[in-house]
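Counting in my numbering, the sequence shown runs without a single skipped number right up to 586 at its last residue.
Take a look at the structure below.
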Amino acid sequence: MWCYRGGSISAEPRINDRIRVPEVRLVGPSGEQVGIVPLAKALELAQEYDLDLVEVAANARPPVCKLMDYGKFKYESAMKAREARKNQAHTVIKEMKLRPKIDPHDYDTKKGHVVRFLKQGDKVKITIMFRGREQSRPELGYRLLQRLAEDVQDLGFVESNPKQDGRNMIMVLGPHKKKTEAMAEARQAQEARKAEAKANPGRSQNAADLENAADLENAENAEAPAEASAEA
């Protein structure tokens with residue numbers, strides 16, 4: 355019985371002297387096909403060009419190797435991966451909870467949160483909670499959801515129509531603006547304020563810091579999907 359007792363298997367490709375095959379299919383520095391050559395010849399060419407011989411397709415027969423600056427290749431790959439993660443947008447569903455007989459002040463506060471979520475490119479799950487005798491008046495919750503949808507129609511649309519779920523009534527609003535667009539706009543606004551701060555050094559630094567912090571929170575909220583809820 356074979357048993358592996360070593361450490362973790364490396365995902366790094368084999369390079370230079372670590373390549374253990376008699377011959378390889380060689381690709382030149384500019385992507386040109388050199389052909390099948392002995393390993394010794396490929397290593398000789400790598401030294402001649404002051405490059406590395408990197409195995410890029412180990413399962414091919416013979417394996418495919420390319421002449422490249424492996425250190426530079428790893429650095430550029432890491433930078434591309436970092437940029438991709440930076441621009442990645444996750445689907446986030448926020449939640450806002452209301453009572454069917456919510457007072458005007460609380461309604462305006464909750465609506466303000468919904469507006470902020472939609473501007474950030476997030477979906478919003480609106481939950482109307484019925485208690486006691488309120489359960490016999492589902493039309494109150496339906497009218498409240500319709501009112502809210504109309505109040506924010508410039509920023510979002512009804513993705514899931516109101517439906518009863520036990521003691522609650524639920525509606526989902528989707529943003530007109532994509533998450534990536536919201537993130538890009540927030541970053542642009544932050545850069546614009548930085549430029550303004552440099553041009554006007556007398557401006558309150560505390561105010562600038564607060565604005566930048568708000569932008570960062572909005573733009574990077576997609577990095578860790580979460581659900582926010584508030585109960586009236």
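Virtual Cβ for every residue (Gly too), placed ideally from N, Cα, C.
In summary, P392 is exposed, with fewer than 16 beta-carbon neighbours lying within 10 Å of its beta-carbon over all protein chains present. In this structure, I369 places its C-beta atom within 8 Å of the C-beta atom of Y424. Collapsing the DSSP output to three states places L509 in coil. In terms of Cβ geometry, M450 and V468 form a close pair [threshold 8 Å]. By the Cβ rule, the region 527-536 counts as touching the region 470-480, because three or more pairs are nearer than 8 Å.
Beta-bridge annotation (DSSP): S514 is paired with V526. When DSSP reads this structure, G389 sits in a beta bridge with L380. Listed in chain order, the non-local C-beta contacts of F484 below 6 Å within the same chain comprise R521, local neighbours out to five positions each way being set aside.
Contact between the region 449-463 and the region 388-404 is absent, with fewer than three C-beta pairs closer than 8 Å. Restricting attention to G382, G510 and A438, the CA atom closest to the CA of K532 is found in G510. In the three-state scheme derived from DSSP, where H, G and I count as helix and E and B as strand, E366 is classed as coil.
Rounded to whole angstroms, the separation of the alpha carbons of R541 and R487 is 48 Å. Here L452 carries a strand assignment [DSSP, helix/strand/coil]. In this structure, the straight-line span from the alpha carbon of L527 to that of Q518 is close to 16 Å.
Taken through DSSP and simplified to helix, strand or coil, V375 comes out as coil. Between the alpha carbons of T463 and S431 lies a gap of roughly 46 Å. Closest by C-alpha distance to R379, out of E437, N413 and R436, is N413. Leaving aside the five residues that flank S384 on each side, none in its chain has a CB nearer than 8 Å to its CB.
Annotation: F427 to Q500 spans about 55 Å, alpha carbon to alpha carbon.
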